[in-house]
Amino acid sequence: MATTSPTETEFGEVSRIKGIVFKYISFAASIVGILALGVLLAYVFWDALGLESAGTSWYLAYTATLLVPLLAFFVYARTRPAVVAGTFELFSMTLAGVLLTGAGVIILSIIASPGVWFTYFLTVVGPIVGLYVYGQYDRKATWVGLAMLVVLLVGPVVGTLGLSVLTTIGALLGSPGIYFLSLVVPAAAVAAYLSAERLDFSRRRSIGIGVGLPVLAIAAVPLVDTVPAISRSVWLIGLVLFGLPVGFAVANTARIRDRWPAFAFPAIIALGFLAGEAVVSAIGATPPTPWLDWQYVTSGPSQTAAEAGLYPAIIGSIFLIVLVSVFTFVFGVGAAIYLEEYAPGSGPLAAVTRIIKVNISNLAGVPSVVYGLLGLGIFVNIESQLGPFTYAGFGVGTVLTAAMTLSLLILPIVIISAQEAIRSVPDSLRQASYGMGATRWQTIRNVVLPRSLPGILTGTILALGRAIGETAPLIMVGAATTKFSPPSGLFGKLTAMPMQIFAWAFEPSDEFRYGVVAAGVVTLLIVMLTMNSVAILVRNKYQQEAN
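Heads up: the sequence shown begins at 1 in full-length UniProt numbering, then just goes up one per residue.
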């Protein structure tokens, strides 16, 4: 006989004690980590800026003119996401513009002569940029990608063969003429394109911006000539590398009404510093004596702490970042595209693909000193006969050796991050593209890469942030801890910011170990935080466009 079992008709009570305890433990762990990092950063900035030497009246003056208005602005912006987004974009693009200008002046005026830049602009940079712009204009031109690859491979050879002739032609133009034709004119075209496509400006307004940039570059020359510290070449480089990102950020913020209050942030900082200086001068307050000043970033190392500078190490780090970014982006993204889109998924070769992917994941966790040993063996000590050529490495402690070693270090990270970004693109988009008759290359170029680009760029820039702070690989390949002049080329000896900071940390003088080292750490942090901020901006921008 069938029996019925009693059923529960009332809801029981579930204890939430474990969940509450876990919540507050997680909160406490987060607070401890944030406070520890905040205390460390505050301690480093305190030493770098020499705030212990400032008088009480100086603190009161800047508290009233700068800190209080900034706190009021942050309280106002706290509940307004549009204002926060605009403020972050203005701040990040300004920092990025400053760093780009410094890097541009160093690379174009110091590392590479104007004639050399003019040569490779004509044979490599200019054609690639032109092809890219045309490809954006005509999406049906499937040959553009192949043409860019051909230019990238053939252009350097043509430029090297015609270096003497093109350098002579460039000398007729002079340095300002070279930078005007190779930087200002292309930047004007880019500004007109961005204002029309990204900012939705009218055609007349976009053309006005494109024409106005070269006119401004020429019209401001008499004023620039009155400033001894700024040459015409530096003015043109700064106009492009600083003016373009900052101008784009200002225009993008201005076109969204809810972001207009964000302009108060730079105004508060500028007016706050001016008012603070006026008050300090009026009351005779004692200012701080910072270690991180203009002399520090423009001078070389010295036996005297007050005269020590980080300039050669800054140049070396810029050298490394430029080369490492080129190497890792090209090879890392290329490998990720092949592994995700072209590698066979079945058959004997699929097993090889799986082994490669597993090894790439394992290589991402290998200690950096191992990559230093690998670079020492491959790029320094090895000698090999390659047909008529003899390969004997790239030299001990040279720019190229250090850059290729650091590229090996972060290459697995770039590949993995690019793979994850490509993998995140839904297969339905690929199938829809194939259904419209697109080839695999067209699908990758027009569907996969635009959708995955935010993740690819974010992962690459974060990996570069790790590379710029590495010391062990540089020590293993023989990079100098201290140099009194910047590297002269790819095969010149170099030092980098982490190496120089490491050397100063063991100086017997307290001024070196606290003041000078702290200033170097702050300089390195500013570069890394700016790179990370740019990564966040790029990711958010492309995500908004994708959505």
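Note that CB positions come from ideal geometry on N, CA and C, so glycine has one too. Keep in mind it's a predicted model, so treat the numbers as computed, not measured.
Taking all protein chains shown into account, K140 has fewer than 16 neighbouring C-beta atoms within 10 Å of its C-beta and is therefore exposed.
Excluding five sequence positions before and after G86, the CB atoms of its chain that fall closer than 6 Å to its own CB belong to T253, R259 and A262, given in chain order. Going by C-alpha positions, G243 is about 18 Å away from V538. In the structure shown, K140 falls within a coil segment according to DSSP collapsed to helix, strand and coil. When the five nearest sequence neighbours on each side are left out, the beta carbons in the same chain lying within less than 7 Å of the beta carbon of S424 are those of S452 and G455, in order along the chain. L323 and A403 have their C-alpha atoms some 6 Å from each other. Fully contained in the stretch 293-334 are the following alpha helix (DSSP H) runs of length 4 or more, in chain order: 294-298.
Closest option to W441, judged by alpha-carbon separation, among G334, A112 and S299: G334. The continuous alpha helix (DSSP H) containing D47 extends over residues I17 to A48. If you draw a straight line from the Cα of G115 to the Cα of S233, it comes to about 13 Å. About 45 Å separates the CB atoms of I356 and A82; that is not less than 8 Å, and the two are not in contact. Rounded to the nearest whole angstrom, the CA to CA distance from A306 to Y342 is 58 Å. Inclusion of F502 and T523 in the CB contact set at 9 Å is not warranted, their separation being larger than that value. Around the CB of K18, fewer than 16 other CB atoms lie within 10 Å, so the residue is classed as exposed. One alpha carbon belongs to Q419, the other to M93, and they sit about 28 Å apart.
DSSP assignment within the stretch 419-475 yields no whole beta strand (DSSP E) run of 3 residues or more. About 6 Å separates the Cβ atoms of P186 and V129, confirming a contact at the 8 Å cut-off. When Cβ pairs closer than 8 Å are counted between the two stretches, the stretch 515-522 is seen to touch the stretch 40-55, the count reaching three or more.
A residue is called buried once 16 or more other Cβ atoms fall within 10 Å of its Cβ, and Y132, having fewer, is exposed. Here Y120 is buried: its Cβ has 16 or more other Cβ atoms, across all protein chains shown, within 10 Å.
Contact check for P473 against S368 passes: the beta carbons are separated by less than 9 Å. Per DSSP, reduced to three states, the secondary structure at T405 is helical.
DSSP, reduced to helix, strand and coil, places T398 within a strand of the structure shown.
Where I283 is concerned, the enclosing alpha helix (DSSP H) starts and stops at A264 to I283.
Here the alpha carbon of L60 sits roughly 13 Å from the alpha carbon of S281.
Within the DSSP secondary-structure output, K493 pairs in a beta bridge with T398.
Cβ contact annotation for L183 (same chain, cutoff 7 Å, sequence separation greater than five): L236, I237 and V240, in chain order. Under the 8 Å Cβ criterion, the stretch 524-531 counts as touching the stretch 459-473, having at least three qualifying pairs.
Between A29 and I321, the alpha-carbon positions lie close to 34 Å from each other. Looking only at I315, I207 and F27, the smallest Cα-Cα distance to T101 is reached by I315. In the DSSP annotation of this structure, the continuous segment of the alpha helix (DSSP H) that includes T168 starts and ends at L163 to Y179.
Counting C-beta pairs closer than 8 Å gives fewer than three between the stretch 491-511 and the stretch 411-418, which falls short of the contact rule. Straight across, the Cα-Cα distance linking S57 with A72 is about 22 Å. Annotation: the continuous alpha helix (DSSP H) that includes P69 extends over V68 to A77. For S57, the enclosing alpha helix (DSSP H) covers residues T56 to Y62.
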